[in-house]
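FYI, in the working numbering the residues of the sequence shown are 11 to 223. Note that the Cβ used here is the ideal one computed from N, Cα and C, for glycine as well. To keep things clear, I will list the structure first and then write my remarks on it.
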Amino acid sequence: MQGSIAVVALTTALGIAMMSFRLLLPGIILAMSGFVGAVWIYHADLLRLRLRSAGPDGATVPLPDEVRVVLILLAIAVVAPWAIFIHEMWPEKPIQRHLDNSQKERLRANLKLSSDEHYAFQINRVPSCDECEQFAEELRNFFDSIPGLRAAGGPLIFASRYPRGISFVTNGKGGVGSAKLFSAMQDAGMIPARETESQMKDGDFVVLIGRSQ
């Protein structure tokens, strides 16, 4: 049984590794070959398996631990590659986020700035997320339409982590502009999470758009 354990574990691991590099068909073939090989080599033993296995005298004996391990690995060898294959071939579509009319009205009402108020900030988004960029660009265009606000930004390339949802980033000290925008976004139901970046200048603030799920 140790041979079957090694064969199934090795081929399944290599197959899943290949699938992680989007070599889906070779990966799933390799992963399944370990399953097929183990079943072919030990088919006689596996045919006798129920919840307990039959001994030489016909009496049932406890299922050996090695057999349990082989059965678990066989299950993984089937389920894991196919789960990856299905996920890659038919990925779950992200929910497309938009500002609704009620949110726009609340934001405009809370961001009526005086003629001498001007705030420039960035709306960035995590990399490799088209939906994030679409939503970020929608926000940039909307805030640009409000007198006194100027929104720019793009993909966030270097970061220690990429939070999900909407984050509001300052150096912890904040400022008048950041306080007004954060309060307006909260009132509009956007509920951004506060994040701190010590290297940012006083008064600067960034809205970060992460994945929705």
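*Beta-carbon proximity of VAL179 to PHE215, cut-off 8 Å*: Here the question's residue 179 lines up with position 169 in the sequence shown. Here the question's residue 215 lines up with position 205 in the sequence shown. The answer is yes: Cβ separation under 8 Å.
*CA nearest to the CA of LEU218, picked from LEU35, PHE145 and ARG160*: Against the sequence shown, residue 218 aligns to sequence position 208. It is PHE145 whose Cα lies nearest to the Cα of LEU218.
*How is the alpha helix (DSSP H) around ASN111 delimited, first residue to last?*
Taking the sequence shown and counting its residues from 1, one reaches residue 111 at position 101. Where ASN111 is concerned, the enclosing alpha helix (DSSP H) stretches over 111–120.
*Classify ARG62 as helix, strand or coil using the three-state DSSP reduction.*
Here residue 62 is taken as the residue at index 52 of the sequence shown, counted from 1. A caution first: ARG62 carries a pLDDT of 48, below 50, which makes its placement in the model unreliable, though a value can still be read off. ARG62 falls in the coil class under three-state DSSP.
*Within its chain, find whatever has a CB closer than 6 Å to the CB of LEU61; leave out the 5 residues flanking it on each side and keep chain order.*
Taking the first residue of the sequence shown as 1, we reach residue 61 at position 51. Low confidence applies to LEU61: its pLDDT is 44, below 50, so where it sits in the model is not reliable enough to give any reading.
*Cβ pair ILE26, ALA41 closer than 8 Å*: As a position in the sequence shown, residue 26 is number 16, starting the count at 1. As a position in the sequence shown, residue 41 is number 31, starting the count at 1. Between ILE26 and ALA41, the C-beta spacing is below 8 Å.
_PHE215 (DSSP reduced to helix, strand or coil)_ = The residue you call residue 215 lines up with position 205 of the sequence shown. If DSSP states are grouped into helix, strand and coil, PHE215 belongs with coil.
_Identified DSSP bridge partners for ARG160_ = By one-based count along the sequence shown, residue 160 stands at place 150. DSSP lists ALA130 as partners of ARG160.
*Exposed unless 16 or more other CB atoms sit within 10 angstroms - verdict on ASN111*: Mapped onto the sequence shown, residue 111 falls at position 101. The residue in question, ASN111, is exposed, as its Cβ has fewer than 16 Cβ neighbours within 10 Å.
*Length of the line joining the Cα atoms of PHE31 and PHE95*: The residue you call residue 31 lines up with position 21 of the sequence shown. The residue you call residue 95 lines up with position 85 of the sequence shown. PHE31 and PHE95 have their C-alpha atoms some 12 Å from each other.
*For THR21, which residues from the same chain have a beta carbon less than 7 Å from its beta carbon, with the 5 sequence-adjacent residues on both sides left out?*
Reading the sequence shown from its first residue, position 11 is the one you call residue 21. Excluding residues within five positions, the ones whose Cβ falls inside 7 Å are LEU40, ALA41, SER43 and GLY44.
*Would you list the one or two residues that DSSP bridges to ALA203?*
Residue numbering aside, residue 203 sits at position 193 when the sequence shown is read from its first letter. Looking at the DSSP assignment, ALA203 forms a beta bridge with SER177.
*Which value, in whole angstroms, describes the spacing of the CA atoms of ALA203 and ILE176?*
The count along the sequence shown starts at 1 and reaches residue 203 at position 193. The count along the sequence shown starts at 1 and reaches residue 176 at position 166. Between ALA203 and ILE176, the C-alpha separation is close to 6 Å.
_GLN113 versus ALA189 - alpha carbon distance_ = The sequence position of residue 113 within the sequence shown is 103, counting from 1. The sequence position of residue 189 within the sequence shown is 179, counting from 1. Roughly 18 Å separates the two Cα atoms.
*With burial defined as no fewer than 16 other Cβ atoms inside 10 Å of the residue's Cβ, what is the status of PHE168: buried or exposed?*
Numbered from 1 along the sequence shown, position 158 holds the residue referred to as residue 168. Per the 10 Å Cβ criterion, exposed.
*Three-state secondary structure (DSSP) of ARG150*: In the sequence shown, counting from the first residue as 1, residue 150 sits at position 140. ARG150: helix per DSSP, three-state reduction.
*asked:* If you measure between the beta carbons of ARG135 and SER222, is that distance less than 8 Å?
replied: In the sequence shown, residue 135 corresponds to position 125, counting from 1. In the sequence shown, residue 222 corresponds to position 212, counting from 1. Not in contact: ARG135 and SER222 (Cβ atoms no closer than 8 Å).
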